[in-house]
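If you use UniProt numbering, the sequence shown closes out at 652, no skipped numbers anywhere.
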Amino acid sequence: MKMTKLLRAKRCLEAVAAFGGAGRTALITQYARALSTQAGKIIQNPPQSIPLDPELVHADLHRRLAGLYEEEVQKKLVVPPFKRALLHGQKSAIRDQTGDYSFIQLYEAVKRLAIQISSCCGSASQSRVAFICPNDATYVISQWACWFSGQIAVPLNPKYPQNLLEYYIKDSDASLLIATPEFQNVAQPLATKLDKKLLLVHHDLLKAENNGTQPDEETSYLDPKRENLLQLNDTLVVEGCLNGEFYRDANALILYTSGTTGNPKGVVLSYANLDAQFHALTQAWKVTNADSVLHALPLNHVHGTINALNLPLTLGAKCVMLPKFDSSMVWSYLLNVNMTTKERVNMFMGVPTMYSLLIKEYDNVFGKNARMCDYVKTHCKNKIRLMISGSAPLPGTVFKRWHDISGHNLLERYGMTEIGMAISNPLIQDGTRSRKQGCVGMPLPGVDAKIVDKENNKELILQGAANEGYWNGAPDACIPDPTNGQPITGHLYIRGRSVFREYWQKPEETKSEFEDGWFKTGDAAEYSNGTIKLLGRTSVDIIKCGGFKLSALEIETVLHEHADTTDVAVIGIPDETWGSKLVAVVSVKDAETFSIPRLLLWLEQKLPKHAIPKEVKLVKDIPRNAMGKINKKELIHTLYGNGEHQQEKVVK
Numbered sequence: 001m002k003m004t005k006l007l008r009a010k011r012c013l014e015a016v017a018a019f020g021g022a023g024r025t026a027l028i029t030q031y032a033r034a035l036s037t038q039a040g041k042i043i044q045n046p047p048q049s050i051p052l053d054p055e056l057v058h059a060d061l062h063r064r065l066a067g068l069y070e071e072e073v074q075k076k077l078v079v080p081p082f083k084r085a086l087l088h089g090q091k092s093a094i095r096d097q098t099g100d101y102s103f104i105q106l107y108e109a110v111k112r113l114a115i116q117i118s119s120c121c122g123s124a125s126q127s128r129v130a131f132i133c134p135n136d137a138t139y140v141i142s143q144w145a146c147w148f149s150g151q152i153a154v155p156l157n158p159k160y161p162q163n164l165l166e167y168y169i170k171d172s173d174a175s176l177l178i179a180t181p182e183f184q185n186v187a188q189p190l191a192t193k194l195d196k197k198l199l200l201v202h203h204d205l206l207k208a209e210n211n212g213t214q215p216d217e218e219t220s221y222l223d224p225k226r227e228n229l230l231q232l233n234d235t236l237v238v239e240g241c242l243n244g245e246f247y248r249d250a251n252a253l254i255l256y257t258s259g260t261t262g263n264p265k266g267v268v269l270s271y272a273n274l275d276a277q278f279h280a281l282t283q284a285w286k287v288t289n290a291d292s293v294l295h296a297l298p299l300n301h302v303h304g305t306i307n308a309l310n311l312p313l314t315l316g317a318k319c320v321m322l323p324k325f326d327s328s329m330v331w332s333y334l335l336n337v338n339m340t341t342k343e344r345v346n347m348f349m350g351v352p353t354m355y356s357l358l359i360k361e362y363d364n365v366f367g368k369n370a371r372m373c374d375y376v377k378t379h380c381k382n383k384i385r386l387m388i389s390g391s392a393p394l395p396g397t398v399f400k401r402w403h404d405i406s407g408h409n410l411l412e413r414y415g416m417t418e419i420g421m422a423i424s425n426p427l428i429q430d431g432t433r434s435r436k437q438g439c440v441g442m443p444l445p446g447v448d449a450k451i452v453d454k455e456n457n458k459e460l461i462l463q464g465a466a467n468e469g470y471w472n473g474a475p476d477a478c479i480p481d482p483t484n485g486q487p488i489t490g491h492l493y494i495r496g497r498s499v500f501r502e503y504w505q506k507p508e509e510t511k512s513e514f515e516d517g518w519f520k521t522g523d524a525a526e527y528s529n530g531t532i533k534l535l536g537r538t539s540v541d542i543i544k545c546g547g548f549k550l551s552a553l554e555i556e557t558v559l560h561e562h563a564d565t566t567d568v569a570v571i572g573i574p575d576e577t578w579g580s581k582l583v584a585v586v587s588v589k590d591a592e593t594f595s596i597p598r599l600l601l602w603l604e605q606k607l608p609k610h611a612i613p614k615e616v617k618l619v620k621d622i623p624r625n626a627m628g629k630i631n632k633k634e635l636i637h638t639l640y641g642n643g644e645h646q647q648e649k650v651v652k
């Protein structure tokens, strides 16, 4: 026993040989004293343990863990978000309606749930695990526990109808369901009907520590006593976790498309896909552990689960999670109204509908008070670092009004479930880079975009590169124009590590979406003056009318500018004369006083004659999904199918 302690002290001395600076000197001194003391008195007296400075021990373990992760990155392996939580430890990770939770609380809760998942599915089996959780810490715990166990996470939206949830569970062939107690009434009937086991997850997982025993406050969360790390000789191992080779090759997530062209398809995203997303967005948006993101998005889409949640958490930033979007509550957070330091935020990501509702709330609460308006603008400019809009086209009126209110040009970006984020406007705005309404910027680092003009046999490839060109961090960087000022319009294709692996169990559909390694987005785009502008979906937003190709999005942008419109959609209806008849579907502030002829006269001042709608329909509202998107095929069917028409007025 005495010799074992002597050898242990010797090994500890060797282990800190690489530890830098004053910390290295202090540790070596303590270890050496322990070694010499035990060596000199090994015969006379039993050796006494020499206490080490816990902060120095923690710093050494943290340095070695960071080094371990960096080695994996250099080997092109993948370190998933939950493993990186160990680097951030006691730092606040999530604040939700129940409290504030640190990264280590999340991590240890994740481990506990992962053990239960593995007992049901086995470890690293890549089983699909469907989970129904609210917008709070239980969502993160459930998703990360799936990843810790080596399964594929399938997040479901509890607001979806039962038959759609059943479709997702059956289509993904989920082996297990997870839900919180508040959604047990949704999940239990599904589990019973489909013969699936149901696990309940709740916040109590965050409160139990070290399997129910309270660890010594002096014990670092990296200390092997906490069983988060193991030390095998000189090697540090993350206890119970799968290795980097597994995460390099395995699948992480299945997100379902909106199903506008048939049944929803499960988009399979690998850990490597997610890792590519994190790297690209970190470089583009400069997210750091000093950031705090206000989160009010649905969590079954890329925008909510990757951009606004896993990206900041991967980097050690904080997420303040609201149970749902509420314009009054969002303003309270943006303005730090009655908020503690822990609750303050400096980033917000939303969809255009959210910004429209925030503008409406602003007008009701602040708009009539000039001093409050000045305060709001000054505060947002000085305290909020970045505001992002995505998932649907941003109307020009909203872009301009939000700038007037907050001093921010909203950063628009472009992505899809299949490709994640691919194109973004710049973080830096200077003489050569700016955020233009209706434009989405340039390809993110590591992403290639191609615009193909099939009619004129032209194509343009744009490559995003870290710290170069558009993404050069230097002000007024030189950014060459590959077209020499000549715009190009055509079909948009994307290529890169972020592009999805496959549609779940749909090999033919997967194959049909690629062309020579490029993913066919189905969107039309234009490159001009150093930025990409989206023209809409080729299937519904590019309308061939009287020999012209018209962009529905461009016409919608103009219609949004009219003072009396509240929402708009432009659609094309098959027509023998025109090929497609251009129809504007409009909701207005006051349908009784609104004049369609005056609208058409107004449009004549804004649009060329061939772009003026041949028909205008007034509707009470235009249905949008949770991400603010309009399903135009459903809208056409509703207005022109066999069902009842919603229009109140029609002008032909």
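Glycine residues also receive a C-beta, built at the ideal position from the N, C-alpha and C atoms.
Leucine 198 to leucine 492, Cα distance in whole Å? 42 angstroms
Rank Lys83, Gly266, Gly67 by C-alpha distance to the C-alpha of threonine 257 and give the top, closest one. Checking every option, the nearest Cα to that of threonine 257 belongs to Gly266.
Identify the continuous alpha helix (DSSP H) that holds valine 452 and give its terminal residues. Run containing valine 452: none in the alpha helix (DSSP H); it sits in the beta strand (DSSP E), 447-453.
Separation of proline 80 from leucine 275, as counted between CA atoms: According to the sequence provided, residue 275 is aspartate. The question's leucine does not apply to it. So the alpha carbons of these two residues sit roughly 7 angstroms apart.
Can you pull the DSSP bridge partners for threonine 235? Leu232
Using DSSP with H/G/I as helix, E/B as strand and the rest coil, what is glycine 490? In the structure shown, glycine 490 sits in a strand (DSSP, three-state: E or B).
Taking only three categories from DSSP, how would you classify phenylalanine 325? Per DSSP, reduced to three states, the secondary structure at phenylalanine 325 is coil, with no helix or strand assignment.
Taking the alpha-carbon of threonine 397 as reference, which of Ile419, Met372, Ile359 has the nearest alpha-carbon? Closest by alpha carbon: Ile359.
Exposure of valine 73, with buried meaning 16 or more beta-carbon neighbours within 10 Å: exposed
Would DSSP call glutamate 526 helix, strand or coil? strand
Short of 7 angstroms in beta carbon distance, which residues of its chain neighbour proline 134, apart from the five on each side in sequence? Order them along the chain. Thr180, Glu182, Pro323
In chain order, which continuous runs of the beta strand (DSSP E) of length 3 or greater are located wholly inside the region 92-138? You should have 92-96, 99-102, 128-132.
When DSSP labels each residue in this structure, what does lysine 549 get in the three-state scheme? strand
Candidates Thr341, Glu418, Pro352: closest to lysine 383 by CA position: Thr341
For methionine 349: DSSP bridge partner residues: Ile388
Is it right to say serine 512 is buried, meaning 16 or more other beta carbons lie within 10 angstroms of its own, or is it exposed? Exposed: under 16 other Cβ atoms inside 10 Å.
Going straight from the alpha carbon of glutamine 30 to that of serine 220, what length do you get? Residue placement at glutamine 30 is flagged as unreliable, the pLDDT there being 46, under the threshold of 50; the coordinate-derived value follows with that caveat. When rounded, the distance between both Cα atoms is 18 angstroms.
So, helix, strand or coil for lysine 633, using DSSP? It is helical.
Buried or exposed for glutamine 105, going by 16 or more other Cβ atoms inside 10 Å? buried
Same chain, Cβ closer than 8 angstroms to glutamate 604, neighbours up to 5 away in sequence not counted: Ile612
Counting only the same chain and skipping the five closest in sequence on each side, list residues whose C-beta sits under 8 angstroms from that of threonine 98. Cβ within range, chain order: Asp136, Ala137, His203.
Enclosing beta strand (DSSP E) for glycine 572 [first to last residue]: 565-575
Expected contact under 8 angstroms - CB spacing of valine 558 and leucine 601 to nearest Å: Valine 558 to leucine 601, Cβ: 13 angstroms. No contact.
Segments of 3+ residues assigned as beta strand (DSSP E) that fall wholly inside the region 425-484: 439-443, 447-453, 458-463
Measure the C-alpha to C-alpha separation of serine 92 and serine 406 and round it to an integer number of angstroms. Roughly 27 angstroms separates the two Cα atoms.
Residue range of the alpha helix (DSSP H) that includes isoleucine 254: Note, isoleucine 254: premise wrong, no alpha helix (DSSP H); beta strand (DSSP E) at 251-256.
Any idea if arginine 64 is buried or exposed, counting beta-carbon neighbours within 10 angstroms, 16 or more meaning buried? buried
Could you tell me the alpha carbon to alpha carbon distance between asparagine 484 and isoleucine 451, rounded to whole angstroms? 16 angstroms
Answer yes or no: do leucine 335 and histidine 379 have a C-beta to C-beta separation smaller than 9 angstroms? The Cβ atoms of leucine 335 and histidine 379 sit closer than 9 angstroms to each other.
Within its chain, find whatever has a CB closer than 7 angstroms to the CB of threonine 531; leave out the 5 residues flanking it on each side and keep chain order. Lys436, Cys439, Gly441, Met442
At 3 residues or longer, what runs of the beta strand (DSSP E) sit wholly inside the region 359-426? 386-389, 411-416, 420-424
Please name the residue or residues paired with cysteine 319 in a DSSP beta bridge. Ile94, Val293
State the DSSP-derived secondary structure class of glycine 641, mapped to helix, strand or coil. coil
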